[in-house]
Structure formats: C-alpha cells, structure tokens
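Below is one structure, written out as structure tokens; the observations come after it.
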Amino acid sequence: NAGVTQTPKFRVLKTGQSMTLLCAQDMNHEYMYWYRQDPGMGLRLIHYSVGEGTTAKGEVPDGYNVSRLKKQNFLLGLESAAPSQTSVYFCASSRGQGAYEQYFGPGTRLTVT
Amino acid sequence: GQQVMQIPQYQHVQEGEDFTTYCNSSTTLSNIQWYKQRPGGHPVFLIQLVKSGEVKKQKRLTFQFGEAKKNSSLHITATQTTDVGTYFCAGPRKGSSNTGKLIFGQGTTLQVKP
C-alpha cells in the first residue's frame, strides 16, 4: 500500500495563476482533509470531506476549493494564487466511523511569487 | 474558541538528556493523539490516549492523559538524535464526532545535540 500520496511535491506559481493539488489514498478511508502548515501556526484545516461527493469548509477555506468525485481522491484548487498562500500543504485521511487517527501524505511545498 | 496549546515551542537538549512536552486543551477531550514530524517530513501518528489518567509507553516514550482529560504530556527518556523533530498533540474538535476533525497544538520542536 502506498498510503496517502500527493502531487506535485513542489510548485512555484506567480500571483494570479491557478493550480490543483491532488491527493490519493489507497486505504479505503472515508474521511479526507487538506491542511496548510506555516511556521509557528501548526496545522490548519482548509477543507475536508466525510465521503465521496461531499466537502465542507475548515478553519481557513478562503481562496481554496475542493472536490471529491472519487472516494480515493481529494483535490485542492487554488483559483487565483496569492503570496499569502505560500505554504506547505498536507493531505490526510482517516477511516471515519469514530476513528480519529489521521494518515498524512508527504506534502506539497508551494511558493507564490 | 477551542484551543490546544503546547509548551515549550522549542527545546534543545544534549543527547542522553530527557525531554518533556506538555499539551493543554481549553475543553475536555474524548481522546488525545500525538504525532511526530521529522524535519522536511510529514506528521506521523504515534499514539492515541482515551481514558482519564491513562499512561502508555513506546520504548523510551511515555505518554500521559490527565485525569480531567484536558492535558497530556510526552516524555522521552535519554534522547537520541533520531528523536529530532516536531511533536504535535491533537484532539477532536467540538462537534466533530461525525467528521473526525482534529485541532492541533502548535507543536514542540526538539533539537538534540550529539
């Protein structure tokens, strides 16, 4: 099992450009999450999904959109990138059904200039 | 709002010394989890504590959940260079039983001098 994978690993964008980050998990997990990690801020939840076809906002959703068309994939989109979105983005999944243990992907380091 | 705080933010120790990080929640938690993130890596689940006063050990790591289920600690005995990284505690967000959402502490970064 690959666990949770993320693509790309690194990306540099210019302000105003758009991009999509892909997260895939092969553990048949119900719940998936997108976080951003900034120095001194810990992990902040952007959006999450509790099942195929469902998404919901987390703590810091502005400027991001998500989709979960297939159970194993969770996409994070930036429509018009801003320098404030420079961060490391982690995807995570959990089994659901009362389980809280989360499995994280390797992360995407995004720089917006 | 709900908060989870960790102290200290940074700790430098000499290899062989002990290390402790503390986690305090503004609300009672049904469980608490600990994660480790190596430099340049991603958070990796270490353990979950559920019961009031629970103590669990993993080799040189000892985890405790407070009696009131509002605080927790991670103690590492005789640190090694492989212990370097950031340790996060996390607890369920209020009203998250059907979403699995966690609130993370800001983490304690451990540096170990060989």
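Just so you know, the sequences run in chain order A and B. Straight run, no breaks: the first sequence in our numbering ends on number 113. Straight run, no breaks: the second sequence in our numbering ends on number 1114. Each residue gets a CB set at the ideal place from its N, CA and C atoms; glycine is no exception. No experiment lies behind these values; they were computed from the predicted model shown.
Secondary structure at residue i, three-state DSSP: helix, strand or coil?
i, result
"residue 1081 of chain B", "helix"
"residue 18 of chain A", "coil"
"residue 84 of chain A", "helix"
"residue 32 of chain A", "strand"
"residue 1 of chain A", "coil"
"residue 114 of chain A", "Outside the modelled stretch of chain A, which goes from 1 to 113, sits residue 114 of chain A, for which no answer is possible."
"residue 1106 of chain B", "coil"
"residue 41 of chain A", "coil"
"residue 1068 of chain B", "coil"
"residue 48 of chain A", "strand"
"residue 1099 of chain B", "coil"
"residue 1036 of chain B", "strand"
"residue 1114 of chain B", "coil"
"residue 1013 of chain B", "strand"
"residue 1028 of chain B", "coil"
"residue 1086 of chain B", "strand"
"residue 6 of chain A", "strand"
"residue 1075 of chain B", "strand"
Excluding the five sequence neighbours on either side, which residues of its own chain have a C-beta within less than 6 Å of the C-beta of residue i, listed in chain order?
i, result
"residue 20 of chain A", "75, 77"
"residue 38 of chain A", "87"
"residue 73 of chain A", "24"
"residue 1068 of chain B", "none"
"residue 32 of chain A", "49, 74, 93"
"residue 1061 of chain B", "1076"
"residue 1016 of chain B", "1078"
On the DSSP bridge list, what partners appear for residue i?
i, result
"residue 1007 of chain B", "B:1022"
"residue 110 of chain A", "A:11, A:87"
"residue 96 of chain A", "A:99"
"residue 1055 of chain B", "B:1064"
"residue 77 of chain A", "A:20, A:65"
"residue 1091 of chain B", "B:1103"
"residue 1002 of chain B", "Paired residue(s): none; residue 1002 of chain B is not in a bridge."
"residue 1049 of chain B", "B:1032"
"residue 25 of chain A", "A:4"
Could you name the residues of the same chain whose beta carbon sits closer than 7 Å to that of residue i, not counting the 5 residues immediately before and after it, in chain order?
i, result
"residue 1001 of chain B", "none"
"residue 1103 of chain B", "1002, 1004, 1090, 1091, 1093"
"residue 1085 of chain B", "1036, 1037, 1038, 1039, 1110"
"residue 11 of chain A", "19, 108, 110"
"residue 63 of chain A", "78, 82, 85"
I'd like to know whether the C-beta of residue i is nearer than 9 Å to at least one C-beta of chain D.
i, result
"residue 1011 of chain B", "Among the protein chains of the structure shown, namely A and B, there is no chain D."
So, for residue i: in the same chain, excluding its five sequence neighbours on each side, which residues have a beta-carbon less than 8 Å away from its beta-carbon?
i, result
"residue 1020 of chain B", "1073, 1074, 1075, 1076"
"residue 103 of chain A", "3, 4, 25, 27, 29, 92, 93, 94"
"residue 53 of chain A", "68, 69"
query: Which residues, in chain order, does the region 30–43 of chain A contribute to contact with chain B at a C-beta distance below 8 Å?
result: 31, 33, 40, 41, 42, 43
query: What residues from the region 1090–1107 of chain B come within 9 Å of chain A, judged by C-beta to C-beta, listed N to C?
result: 1090, 1091, 1092, 1093, 1096, 1097, 1098, 1099, 1100, 1101, 1102, 1103, 1104, 1105, 1106, 1107
task: Could you tell me whether the region 1001–1015 of chain B touches the region 51–61 of chain A, where touching means 3 or more Cβ pairs closer than 8 Å?
output: no
- prompt: Quick one, which residues of the region 1026–1038 of chain B are near chain A if we go by CB-CB under 7 Å, in chain order?
  reply: 1031, 1033
- request: Evaluate contact between the region 1060–1080 of chain B and the region 16–33 of chain A, counting only Cβ atoms and requiring at least three cross-stretch pairs below 8 Å.
  value: The answer is no - the region 16–33 of chain A does not touch the region 1060–1080 of chain B, with fewer than three Cβ pairs under 8 Å.
- request: For the region 1040–1074 of chain B, enumerate the residues whose C-beta is nearer than 8 Å to any C-beta of chain A, in chain order.
  value: 1041, 1042, 1043, 1044, 1045, 1048
- prompt: Between the region 106–113 of chain A and the region 42–52 of chain A, do at least 3 Cβ pairs fall closer than 8 Å?
  reply: no
- prompt: Is the region 1037–1049 of chain B touching the region 1014–1026 of chain B in the sense that three or more CB pairs, one from each, lie closer than 8 Å?
  reply: no
message: Give me the subset of the region 74–92 of chain A whose CB atoms are less than 7 Å from a CB atom of chain B, sorted by chain position.
response: 90
query: Quick one, which residues of the region 99–112 of chain A are near chain B if we go by CB-CB under 8 Å, in chain order?
result: 99, 100, 101, 102, 103, 104, 105, 106, 107
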